[in-house]
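Worksheet: the structure to be examined is printed underneath.
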Amino acid sequence: MASEPPESSGSSGSEMRTVELIESDVSWMCPVTHLYKTQAGHLLVCVRDRAMIVELAQDLGVPIFPSHVPLGVDAFLADERGQVVDYDGNPANGLTPILSTDSRSFAMTIDPDLRTHEDALEALGYTLTKEN
């Protein structure tokens, strides 16, 4: 079952909801993606790790420089297997996150100041309670 989007983003005056880390470094997503379980379902939070992406590309023989890799954070709804659920259901615009640092995204919320998984969870109104 896919996650439902948070009722409100951020923690402004509202009680923080909890989230549990289910899997870190999800292998089929960009480095570094973690899968979380919430009361409403699941979330995938992707924090693009520039150094790791460059290293992977160079290992594959792809000439790449760190400046080629944009920094960014995206949070997606997911199912219990960690497969992305498109937020807006429109395949014409790609996979739509519920939260992103990318100002060109169709995400529900754009926040250019996010840097970490914890930042994204907090922006969505969650606090991490338990790690695997």
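So the sequence shown is numbered by the working numbering: it starts at 164 and just counts up by one.
Glycine included, C-beta positions come from ideal geometry on N, C-alpha and C.
Everything numeric in this text was worked out from a predicted model, so none of it was measured.
Find the nearest neighbour of residue i within the set the options, judged by alpha-carbon distance.
{"i": "Ile261", "options": "Cys193, Cys209, Gln221 and Glu183", "result": "Cys209"}
{"i": "Met192", "options": "Lys200, Leu277 and Val236", "result": "Val236"}
{"i": "Leu287", "options": "Leu240, Ser187, Val189 and Ser268", "result": "Leu240"}
{"i": "Glu186", "options": "Arg244, Pro229 and Ala238", "result": "Arg244"}
{"i": "Arg211", "options": "Thr196, Glu178 and Asp251", "result": "Thr196"}
{"i": "Ala238", "options": "Asp265, Ile227 and His231", "result": "Asp265"}
{"i": "Arg180", "options": "Gly204, Pro229 and Pro194", "result": "Gly204"}
Quick one: Cα of residue i to Cα of residue j, how far?
{"i": "His280", "j": "Leu291", "result": "10 Å"}
{"i": "Tyr199", "j": "Val182", "result": "6 Å"}
{"i": "Asp222", "j": "Leu207", "result": "26 Å"}
{"i": "Gln202", "j": "Ala220", "result": "37 Å"}
{"i": "Val225", "j": "Pro233", "result": "16 Å"}
{"i": "Val217", "j": "Asp188", "result": "16 Å"}
{"i": "Glu178", "j": "Asp242", "result": "25 Å"}
Exposed or buried, what is residue i when buried is set at 16 or more other beta-carbons lying within 10 Å of its beta-carbon?
{"i": "Val247", "result": "buried"}
{"i": "Ser138", "result": "Only positions 164 to 295 of the chain appear in the structure, and residue 138 is not among them; the question remains open."}
{"i": "Ala255", "result": "exposed"}
{"i": "Leu284", "result": "buried"}
{"i": "Ala270", "result": "buried"}
{"i": "His112", "result": "What the structure shows of the chain is the stretch from 164 to 295, and residue 112 is not part of that stretch, so it cannot be assessed."}
{"i": "Asp276", "result": "exposed"}
Would you list the one or two residues that DSSP bridges to residue i?
{"i": "Ala238", "result": "Val208 and Leu262"}
{"i": "Arg180", "result": "Tyr289"}
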